[in-house]
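Following my numbering, the numbering of the sequence shown begins with 5 at its first residue and continues without gaps.
The structure under discussion appears below in the form of structure tokens.
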Amino acid sequence: APAAGRPVALTIPAIDVRGPLERLGTDDAGALVPPRHPMRAGWYAAGPAPGDLGPAVLAGHVDSTRGPAVFWRLASLTRGDLVTVTRADGSTVRFRVTDVRHVDRTRFPTRAVYGPVPDRALRLITCGGTYDHTRGRYRQNVVVFALAV
Numbered sequence: 005a006p007a008a009g010r011p012v013a014l015t016i017p018a019i020d021v022r023g024p025l026e027r028l029g030t031d032d033a034g035a036l037v038p039p040r041h042p043m044r045a046g047w048y049a050a051g052p053a054p055g056d057l058g059p060a061v062l063a064g065h066v067d068s069t070r071g072p073a074v075f076w077r078l079a080s081l082t083r084g085d086l087v088t089v090t091r092a093d094g095s096t097v098r099f100r101v102t103d104v105r106h107v108d109r110t111r112f113p114t115r116a117v118y119g120p121v122p123d124r125a126l127r128l129i130t131c132g133g134t135y136d137h138t139r140g141r142y143r144q145n146v147v148v149f150a151l152a153v
């Protein structure tokens, strides 16, 4: 993304999220690497920047060993809630939530999240559902879909 379009901060008033964004990539298996800090969300930098055409993806932790994390309340968002992304040039892009889905990790909707769309779209992702102590991870993901307004 051009320097002006690079996302630097996220605000979601409905769930009290306000803070900087980390830059995210993928691991050797192609899976999105979550943010280093549990209280920060991150932007998948290989995809569109928020405000550009296509689905910009932001991810964050639901919790950590110390308690709730940045996207602890992500699943409580509802249709119509606003999400604002601030870019490096100080401009902002506003999105309105259109859908909140709980999906099984083994059936993650990769195409719906990362696939091409004709709009300026945003996807917010975190873990959800029950915790699998054997595998050390949650059984579901929460995916929030939003469109620019």
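Every residue, glycine too, gets a C-beta built ideally from N, C-alpha and C.
All values reported here derive from a predicted model rather than from experimental measurement.
- Here the C-alpha atom of Leu81 lies approximately 11 Å from the C-alpha atom of Asp20.
- In the displayed model, Arg115 falls within a helix according to three-state DSSP.
- From the listed residues Gly23, Leu126, Thr30, the smallest Cα separation to Pro42 is found for Gly23.
- The count of Cβ pairs closer than 8 Å, one atom from the region 92–111 and one from the region 64–75, stays below three, leaving the stretches out of contact.
- Beta-bridge partners of Pro24 (DSSP): Ala13.
- In this structure, Phe99 sits near Ala152, with a CB-CB distance shorter than 7 Å.
- Here the C-alpha atom of Pro59 lies approximately 18 Å from the C-alpha atom of Ile16.
- Under the DSSP assignment, Val107 falls in the beta strand (DSSP E) whose first and last residues are 96–108.
- For Ala45, the enclosing beta strand (DSSP E) begins and ends at 45–48.
- About 14 Å separates the beta carbons of Arg115 and Asn145, which is beyond the 8 Å limit, so they are not a contact pair.
- Leu86 carries a strand assignment under DSSP once its states are collapsed to helix, strand and coil.
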